[in-house]
Each structure stands twice: as structure tokens, then as C-alpha cells.
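Input: a single structure, listed below in C-alpha cells.
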């Protein structure tokens with residue numbers, strides 16, 4: 010017991026209480042869930058959340074980036090995605106929407122079935138335009154190159170156009186009127202361009218079985234030493250049609266195709282047209 014004096018009188022009191030200890034001060038204040046989430050996301054995330062929640066489209070994202078508030082933001086124009094705390098969700102939310110695949114068809118299909126690659130556009134139209142623009146005799150080698158199709162599936166030169174040693178007589182200085190291509194007997198021979206068959210028969214001057222096709226405007230092609238032919242005079246043929254089979258008839262030393270190109274009745278080097 011303790012004794013206290015109050016205005017001259019004493020009175021008894023109970024035991025003295027223990028000294029009060031001040032409560033520890035805590036800097037933590039209760040925060041609601043939304044406030045805490047905003048604090049953790051930071052200002053950049055808040056900007057993007059606002060854009061997505063308010064329906065701001067892609068233009069708004071670009072405007073924010075332009076003002077320096079945002080480095081890289083892409084907000085889809087539809088279906089806004091709110092940021093979440095899950096790993097990887099941020100990149101998924103900001104990924105640009107998939108773009109449709111765009112393709113275009115080529116103007117002309119490419120045919121790789123021949124050694125010389127050709128197109129299925131309109132090669133005969135090109136040849137006709139070339140021939141109508143000028144006479145066949147004045148067409149340059151550069152302009153005529155590639156205007157005729159290959160007469161064989163594979164072209165292997167065996168004897169060139171021009172002067173040579175005759176394989177028949179061995180004489181020097183014989184003028185060879187065409188280009189020889191090696192081919193086994195019975196190999197398919199194709200029309201080099203569309204035209205009309207003007208000759209199909211036996212050639213008495215060494216050509217053996219021979220086919221001649223007139224392509225118009227003074228241009229003709231001939232196919233010689235054939236084992237057989239499948240066309241007749243007056244028949245219309247199309248570029249690439251099988252007109253004969255190679256052989257070794259006439260003045261020939263073995264199976265091959267003797268191919269000629271004639272311009273206004275005069276032979277020219279076939280390689281300048283293939």
C-alpha cells in the first residue's frame with residue numbers, strides 16, 4: 010500500500026501500476042486490394058491498364074509512345090486484355106494480333122520438264138509479235154534467242170551449224186545446214202512452235218524422213234533423219250506437240266536429230282533461236 014496526501018488528508022491507494030510502455034509505431038497502413046495492386050504495377054502498367062479498360066485502341070497506344078510516356082505499347086483494337094501477375098501474360102497481352110497471310114499467283118506457270126526452262130504464258134504470241142514487228146531476216150540474234158521451243162527433251166549438241174568436215178565423205182569445207190542433236194532412235198521430237206505442216210515425207214537430198222513446219226512471217230523449222238512421223242501436210246500443230254520420232258534415215262551415220270531453222274527460205278543457225 011502507498012500513502013498519498015490530498016489537501017492535508019491521507020488516503021490509501023492500491024499497488025502502483027506498472028509503467029506504461031508506448032505501443033510500437035508501425036509505418037504500415039492498411040491498404041485496399043486495388044490500391045496495393047496499383048502500387049505494385051507501377052506507372053507504366055497503370056497506363057496500359059487504363060488504355061485496355063477504357064477501350065482505347067491502337068492509336069492511343071501509339072500516341073502514348075510518341076509522348077514518351079510509354080516505350081513500347083500495342084493495345085489490340087478489340088478484346089482488351091488486362092495485365093495479370095502470371096508469368097508470360099504481359100508479352101501475351103501486348104503481342105500484336107496475327108496478320109493474315111498474303112499470297113499472289115504467278116502470271117505464268119514455269120515448266121521444268123525440258124532442259125530449257127520455258128513458260129506456259131504465251132510464247133507463240135511473243136514469237137508472232139517479234140515476227141510481225143520486223144521481217145524474220147532482220148531479227149537480231151539477241152531478239153530471237155529463246156523464241157523457239159526445244160525440239161527434244163534434252164539437247165546435246167553433236168555437230169554444229171556451218172562449215173565442217175563431212176562425217177559421210179570426210180571432205181573438208183562441207184556446209185552443214187542445221188544443228189545436230191544426239192538422241193537415241195525413237196526419241197520424241199517436238200514442234201518448236203505452233204504452225205502448219207507443209208511437208209511430211211521422204212527427203213531425196215539426204216534428210217531421210219523429214220517434217221517441215223511453217224510458223225508464218227517467213228519462219229520455218231525442219232526435222233530430219235526421223236524414224237517415223239505422226240503428222241501430215243496441212244495439219245495444224247501446237248508448240249510442244251510430238252510430231253515424230255528420231256532416227257537415222259537418209260544420209261546419217263547414227264541416231265540423231267538434224268534440226269534446221271529457215272528464214273525466208275535461207276537456213277540460219279538454230280542455236281540463235283533456242
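In our numbering, the protein residues as written are 10 to 283.
All C-beta atoms, glycine included, are put in the ideal place defined by N, C-alpha and C.
query	result
Cβ-based burial, residue 153 [other Cβ within 10 Å; buried from 16]	buried
Residue 53 - DSSP class collapsed to helix/strand/coil	The predicted model places residue 53 with a pLDDT of 48, which falls under 50 and marks its position as unreliable, so this point remains unresolved.
Nearest candidate by alpha-carbon position, reference residue 241, set 202, 211, 255, 215	211
Nearest-angstrom Cβ-Cβ length linking residue 283 and residue 225, presumed shorter than 8 Å	So it is not a contact: roughly 18 Å between Cβ atoms.
Nearest residue (CA-CA) to residue 196, options 267, 280, 279	267
Contact check, residue 251 vs residue 181, beta carbons under 8 Å	no
For residue 280 and residue 170, believed in contact at Cβ under 8 Å, the rounded distance	7 Å
Neighbour-count burial assignment, residue 179, 16 or more Cβ in a 10 Å radius	exposed
Contacting residues, own chain, Cβ-Cβ under 6 Å from residue 174 (five flanking each side not counted)	181
Inter-residue spacing [alpha-carbon to alpha-carbon] between residue 162 and residue 192	10 Å
Per-residue DSSP class, three states only, for residue 188	strand
Through-space distance from residue 206 to residue 133, alpha-carbon basis	16 Å
Collapsed DSSP secondary structure at residue 260 in the structure displayed	coil
Segment limits, alpha helix (DSSP H) that includes residue 152	150-153
Coarse secondary structure for residue 281, derived from DSSP in three states	helix
Spatial neighbours of residue 238 in its chain, beta-carbon cut-off 7 Å, leaving aside the 5 residues before and after	209, 218, 220, 252, 253
Rounded distance between the beta-carbons of residue 204 and residue 272, thought under 8 Å	With 8 Å as the limit, residue 272 and residue 204 do not qualify as a contact, their Cβ atoms being about 14 Å apart.
DSSP beta-bridge partners of residue 237	254
Three-state class that DSSP yields for residue 136 in the structure shown	helix
Beta strand (DSSP E) segment containing residue 131, residue limits	Taken as a continuous stretch (DSSP letters only), residue 131 belongs to no beta strand (DSSP E), as it is neither H nor E.
Per DSSP, cross-strand counterpart(s) of residue 168	189
Close-in-space but distant-in-sequence residues of the same chain around residue 77 (CB under 6 Å, 5 per side omitted)	Low confidence applies here, because residue 77 scores a pLDDT of 48, under 50, leaving its location unreliable; read the following figure in that light. Same-chain partners within the cutoff: there are none.
Reduced DSSP secondary structure (H/G/I, E/B, other) of residue 197	strand
Inter-residue Cα distance where the pair is residue 287 and residue 223	Residue numbering for the chain in the displayed model covers 10 to 283; residue 287 lies beyond these limits and cannot be assessed.
Start-end ranges of the beta strand (DSSP E) lying completely within the segment 200-224, minimum 3 residues	204-212
Counted within 10 angstroms of its Cβ, other Cβ atoms place residue 177 as buried (16 or more) or exposed	exposed
Other residues of its chain near residue 229: CB distance less than 7 Å, five sequence neighbours each side excluded	221, 222, 223, 271
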